[in-house]
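Asker: Here the sequence shown is numbered in my numbering, starting from 1 and rising by one per residue. Every residue gets a Cβ at the ideal spot worked out from N, C-alpha and C, and that includes glycine. As the structure is a computational prediction, the values presented were derived from the model and not from experiment. This is the structure, below, for whatever I ask next.
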Amino acid sequence: MSDDCWTALDIAATRDEREIRRAYARQLKRFRPDEDPVGFQRLVEARDEALLLATLSESVDFSEETTASLPEKDFDDIVVVASRSVQGDSAAADTDAAPQNQSDAQHRGVLRAVYETLNGLIDNIKTNNYYSLKTWKAENWSALFNQAALLGMDEHRAFQQTIARRLVEFLPDPDEYHPDDLANFEAGNGPCAVVEQIENECQFTWFGLGFAPIAGQRASDRYFSWLARAQTARALIERRQNPDTAYSNPVNGLPLFLPEDRIVLFRDAPLNNFFEKAEEQGSWPFQLDIKSLFTPGSRLADAGFRKAGFAVAAVICGLSASLNTLHVDWVLIALLCLCVSVACRVYFSATHYRRTVQHYTRYVKDVDRRGVIYSPRGRRNYLAERRKRPALSGHLWALEVAATVMLVFPLMTFATSWRYSDLMDQPVATVLADQFVSLFEIAAGNDAVETTSFVSLAASMNKAALLLENDRSPESTLLRDVSRPLDIVRLRSQLTELSERTTKSVKPLTPLIARQRKLEKLAELYRQASVEERRAIEKTLAQWGRLLEEAALSDPLYEAALWELLPPRTSGARSLVSPERELRRVLVKQFLNGNIASIASFEKQNIAQKAAQLELLLNASDSLLLALVNASVITKEETFTGVESPLNEFPRQKQGDGAVSGPRFLDGMIYNVIGSTDRSDDAPRLAVFNEALPVWSEEIIGWEGFLKYAVRCLNTVAPDDRNVARTMISEALEAAQNVNEQDKSRYWARASNRMFDIPSCRVPHAPAALSATTRDGLQAQISNLSAEKNSDEARTAAHYALAIAEEGYWGDNLRIFANSYLAYDSLQKGLPQQALYYLDGATDRYNLCRQIRALRGATLEALGEKERALREFQASRRTYGCSSTESGFSYDDADIDNRIEKLATETEAPRPQ
């Protein structure tokens, strides 16, 4: 035999079987069976010959003479030597030379020995525990393949196919088998080591798609799964031997990952695309992570940099918190914090993907150091757990978003400070005084400014003035020298925004006129006042602010009453409403609605107690009501500043037969004051109603109806007629003191009928009193009566129409028509204030018709509000004309033009083109 086998394998003569198999595996890349079958056949024969030579006794010298004389030996002796070498018999070296031609019987013996050895190995695995390492030894299978090397090519191929078909018998499920230990794999123990040995000999991976039909799909899946683990383990061993080049590309320095590890680590699509691009161009590409620009800390934590992520988040929150804690210029802090924050965000955004990939290399090194072979419960689970999102990552994200908002928000004021930089060199007291005067003038001259907006801005100004007062800053202190000057500068921009407001809605005139008159007066007083007097005006406005704000949201007349009561009180000649009368109406109305609500919630009712409280409210003196207003203002202020007020210490008033405790606050209204019924036991009132009755009793049903009719009357009658309703309610309560036991169940129903004498309260009798059966018919009847100069009957019909509309019949058009006619009738009788009341009841539309706008102008002219009157007359010329169903009166266009001309001259305002 020549040394051609060593030349074909491209190695020197050796007895190391592993070296021979490695050389054979290397040469397989050159001689593939499908591309070069002849070369592949020579390679297999060379491998078999080399393995045969390796099994000979160590005494055999691999010289040219010995190798050349090898064909003289009998092949039967070679088989015996190979068999004994598999069994560990060292005496095979003394075997005599065998004849060159092997008999058929001897050949069958070799085949029988090979297959018996294969059966023994498989039976050993099946008989013993699958999970015992004693049954999984690669050296046993190596000996089997050494024995099978004596077979011919066709027989050897059939032997490989037999192994493939029998894989299903002994290969366990990889998901159920415990992960191999790397130390056992290096020692040649375990399924991974056995499968690697089988693959090195049989090369099942070259079968391609033809392997599954031979072995079966389940066996094929298990085989390649174990083979993948073996390849990972082998690569792991090689990386341990060469750590300098195993984890990074020596050419470009980019990290290297096993395919199995990349599947686990690079699940994020942008990160995977980034790394693929880096591998393609051989260097790190520049790519920003947009999310890191907004929440760098949480992104770092998600990528595995937990400590760094929380540290970055803490820095960002600290920068934002400094805006609220350091008493220096906010703009400078904001700019400094912004520069630092933006620089950090851009840096982390630009390096996020690269740092993440590099950090994943640490995970791979760690898992390699632990020696965990890839498996569903081993290497993959370990890597997946390391890249798992931290539990607090969501909270960290929310914290960073809040910090970002806190950091950016103060920067919005930078444009404002630049715009009003001229204020910085002025004394801060002068700046605040000018702003207060501007606020008074803007709210007085612009009806689009809501009372709530005025109160809110006034409170902000008062707070700024209070801070300066607490700092004891001298009057000459410049604005730039105080802490947080932008708080004051920002007020100027808010004033500008307030002055530019516009509205298309038609608002009630009474509270607007009352507010304008009061604020014009305050502006005049504020200009002439000293510093102490100005602070008194500012504090008074702050005390009344909350009351005005709540009144603006509830009742126009109530708001007008508060504006007139706001110190200094409006004189009687310029007063539009009676503040005491409106206060009493609000208190009574609130009390009535509260009692109705308690009945609706099925609470038992003590009629005697409730009636006595109502009587107190109806008969309370004006001086007591004004005292309660002042107490309410003080209480609101003390509540605002955190000081509790003794609400029970109010002046006591003598009424009827006993002393009555002071009123209390109820139901969230501004005054919310009712009279208590704590009376002496020897003089009870309404004795027959003293017990608490259930809501389904006849007395309570009648009492509820009485309360509802009282509310309706107070809502519908004109201010000058409310004394009538108030008197009737008081008389009903007084008569209830003498009712007997037999009449008490029907008393309150009869008391309700007495209020029908007031025209606005006659809803049940309205259909019988009117001949019209439709809304248009009723409006036409009022217009016809007005044209016939029968104003009394027209007024009565209008009251009926208003009552019907308030009850919810025939829509808002009827209510607007009735209110506008009653306003016109009141103006004709020389009662402009009453006309104004009715006009405010007809302002639910955005665009009133021409006649109603002209009527508003005429009413305002009669009240001396010439500028407002001029605007209303001008608006009437720009709007549509009223139909016969929208108003029961008319204004001639020529008359409107004459009034515009006259008012324009008197107010020295330019006439619109």
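1. Have a look at the DSSP bridge pairing and note the partners of residue 619.
2. Do residue 838 and residue 822 have their C-beta atoms closer together than 7 Å?
3. How big is the Cα-Cα spacing for residue 424 and residue 432?
4. Can you list, in chain order, the residues of its chain with a C-beta nearer than 8 Å to that of residue 153? Leave out the 5 residues immediately preceding and following it.
5. Should residue 242 go down as buried or exposed, given a rule of 16 or more other Cβ atoms within 10 Å for buried?
6. How many whole angstroms separate the CB atoms of residue 548 and residue 437, which I take to be in contact at a CB cut-off of 8 Å?
7. What separation, rounded to the nearest whole angstrom, lies between the Cα atoms of residue 485 and residue 405?
8. With the cut-off set at 7 Å, would you say residue 289 and residue 352 are in Cβ contact?
9. Counting Cβ pairs closer than 8 Å, one from the segment 556-564 and one from the segment 502-517, do we hit at least three?
10. Give a yes or no on whether the C-beta atoms belonging to residue 914 and residue 695 are separated by under 7 Å.
11. On the DSSP letters alone, give me the boundaries of the alpha helix (DSSP H) that residue 500 sits inside.
12. By the DSSP assignment, the alpha helix (DSSP H) with residue 284 in it spans what residues?
13. Which value, in whole angstroms, describes the spacing of the CA atoms of residue 75 and residue 365?
14. Starting from residue 296, trace the alpha helix (DSSP H) both ways and give me its first and last residue.
15. Out of 174, 115 and 193, which has the shortest C-alpha to C-alpha gap to residue 155?
16. Who are the near neighbours of residue 707 in its chain, counting only those whose CB is closer than 7 Å to its CB and skipping five residues on each side?
17. Got a sec? Which residues, its chain only, sit under 7 Å from residue 567 by beta carbon, not counting five neighbours each side?
18. Applying the criterion that 16 or more other CB atoms from any shown protein chain within 10 Å of the CB defines a buried residue, is residue 222 buried or exposed?
19. Suppose you measure from the CA of residue 904 to the CA of residue 499; what does that come to, to the nearest Å?
20. Output the distance between the C-alpha atoms of residue 728 and residue 875, rounded to the nearest integer angstrom.
21. Is residue 815 closer than 7 Å to residue 805 when the C-beta atoms are compared?
22. Could you spell out the range, first to last residue, of the alpha helix (DSSP H) harbouring residue 518?
23. What residue does the alpha helix (DSSP H) around residue 445 start on, and which one ends it?
24. Can you give the Cα-Cα distance for residue 835 and residue 818, rounded to whole angstroms?
25. Please work out which residues of its chain come closer than 6 Å, Cβ to Cβ, to residue 291, disregarding the five sequence neighbours upstream and downstream, and give them in chain order.
26. In whole angstroms, what is the alpha-carbon distance linking residue 878 and residue 827?
27. Can you name the residues that DSSP bridges to residue 606?
28. Given a threshold of 16 other Cβ atoms within 10 Å of its Cβ, counted over all protein chains shown, does residue 898 qualify as buried or as exposed?
29. Spatial neighbours of residue 466 within its chain, please: C-beta separation below 7 Å, excluding the five flanking residues on both sides.
30. Taking only three categories from DSSP, how would you classify residue 255?
31. In its own chain, which residues sit with a C-beta less than 8 Å from the C-beta of residue 681, not counting the 5 before and 5 after it?
32. Buried or exposed: residue 741, going by 16 or more other Cβ atoms within 10 Å of its Cβ?
33. When DSSP labels each residue in this structure, what does residue 626 get in the three-state scheme?
34. In terms of residues, what are the limits of the alpha helix (DSSP H) holding residue 202?
35. Helix or strand or just coil, what does DSSP make of residue 553?
36. When DSSP labels each residue in this structure, what does residue 848 get in the three-state scheme?
Answerer: According to the structure data:
1. Your numbering for residue 619 matches position 619 in the sequence shown. DSSP lists no partner for residue 619.
2. Position 838 of the sequence shown, counting from 1, holds the residue named residue 838. Position 822 of the sequence shown, counting from 1, holds the residue named residue 822. Yes; because the gap between Cβ atoms is below 7 Å, this pair is in contact.
3. One-based indexing of the sequence shown puts residue 424 at position 424. One-based indexing of the sequence shown puts residue 432 at position 432. Taking the straight line joining both Cα atoms gives about 12 Å.
4. In the sequence shown, the residue the question calls residue 153 occupies position 153. These residues qualify, in order along the chain: 41, 44 and 45.
5. Position 242 of the sequence shown holds residue 242. Classification for residue 242: exposed.
6. Here residue 548 refers to the residue found at position 548 of the sequence shown. Here residue 437 refers to the residue found at position 437 of the sequence shown. Not a contact, Cβ separation roughly 19 Å.
7. The residue labelled residue 485 in the question sits at position 485 within the sequence shown. The residue labelled residue 405 in the question sits at position 405 within the sequence shown. Near 21 Å, if we compare the C-alpha coordinates of residue 405 and residue 485.
8. Start at 1 with the first residue of the sequence shown, and residue 289 comes out as number 289. Start at 1 with the first residue of the sequence shown, and residue 352 comes out as number 352. Result yes, Cβ atoms of residue 289 and residue 352 sit closer than 7 Å.
9. yes
10. For residue 914 there is no data in the structure shown, the boundaries of the chain being 1 and 913.
11. Here residue 500 refers to the residue found at position 500 when the sequence shown is read from its first residue. From DSSP, residue 500 is part of no alpha helix (DSSP H); its letter is neither H nor E.
12. Counting from 1 along the sequence shown, the entry for residue 284 is found at position 284. First-last for residue 284: undefined, no H or E at that position.
13. Here residue 75 is taken as the residue at index 75 of the sequence shown, counted from 1. Here residue 365 is taken as the residue at index 365 of the sequence shown, counted from 1. Because the pLDDT at residue 75 is just 31, under 50, the model does not fix this residue reliably, and the point stays unresolved.
14. By one-based count along the sequence shown, residue 296 stands at place 296. Where residue 296 is concerned, the enclosing alpha helix (DSSP H) stretches over 296-302.
15. Reading the sequence shown from its first residue, position 155 is the one you call residue 155. The residue with the shortest Cα to Cα distance from residue 155 is 115.
16. One-based indexing of the sequence shown puts residue 707 at position 707. 592, 595 and 596.
17. The sequence position of residue 567 within the sequence shown is 567, counting from 1. Cβ within range, chain order: 540.
18. Taking the first residue of the sequence shown as 1, we reach residue 222 at position 222. It is buried - the Cβ of residue 222 has at least 16 other Cβ atoms within 10 Å.
19. Working through the sequence shown from its first residue, we reach residue 904 at position 904. Working through the sequence shown from its first residue, we reach residue 499 at position 499. The straight-line gap from Cα to Cα measures roughly 23 Å.
20. Working through the sequence shown from its first residue, we reach residue 728 at position 728. Working through the sequence shown from its first residue, we reach residue 875 at position 875. The alpha-carbon atoms of residue 728 and residue 875 are separated by roughly 42 Å.
21. Position 805 of the sequence shown holds residue 805. Position 815 of the sequence shown holds residue 815. Contact: yes.
22. For the purposes of this step, residue 518 is taken as the residue at position 518 of the sequence shown. From DSSP, the alpha helix (DSSP H) with residue 518 extends over 509-528.
23. The residue labelled residue 445 in the question sits at position 445 within the sequence shown. Start and end: 428-445.
24. Along the sequence shown, one-based indexing puts residue 835 at 835. Along the sequence shown, one-based indexing puts residue 818 at 818. Using only the alpha carbons, I get a separation of about 12 Å.
25. Numbered from 1 along the sequence shown, position 291 holds the residue referred to as residue 291. Cβ within range, chain order: 299.
26. On the sequence shown, position 878 is the one that residue 878 refers to. On the sequence shown, position 827 is the one that residue 827 refers to. Cα to Cα, the separation comes out at about 23 Å.
27. Walking along the sequence shown from the start, residue 606 turns up at place 606. DSSP, once it has assigned bridges, lists no residue as partnering residue 606.
28. Within the sequence shown, numbered from 1, the residue matching residue 898 stands at position 898. Exposed, because fewer than 16 other Cβ atoms sit within 10 Å of the Cβ of residue 898.
29. The residue labelled residue 466 in the question sits at position 466 within the sequence shown. None.
30. One-based indexing of the sequence shown puts residue 255 at position 255. Three-state result, residue 255: strand.
31. Along the sequence shown, read from residue 1 onward, the residue named residue 681 stands at position 681. Annotation note: pLDDT 40 at residue 681 (below 50); position unreliable, coordinate value reported separately. Nothing listed; no residue qualifies.
32. By one-based count along the sequence shown, residue 741 stands at place 741. It counts as exposed.
33. Working through the sequence shown from its first residue, we reach residue 626 at position 626. Here residue 626 sits in helix by DSSP.
34. For the purposes of this step, residue 202 is taken as the residue at position 202 of the sequence shown. Counting along the chain, the alpha helix (DSSP H) containing residue 202 begins and ends at 191-202.
35. Residue 553 sits at position 553 when you count from the first residue of the sequence shown. Note: residue 553 maps to coil in three-state DSSP.
36. Here the question's residue 848 lines up with position 848 in the sequence shown. It is coil, neither helix nor strand.
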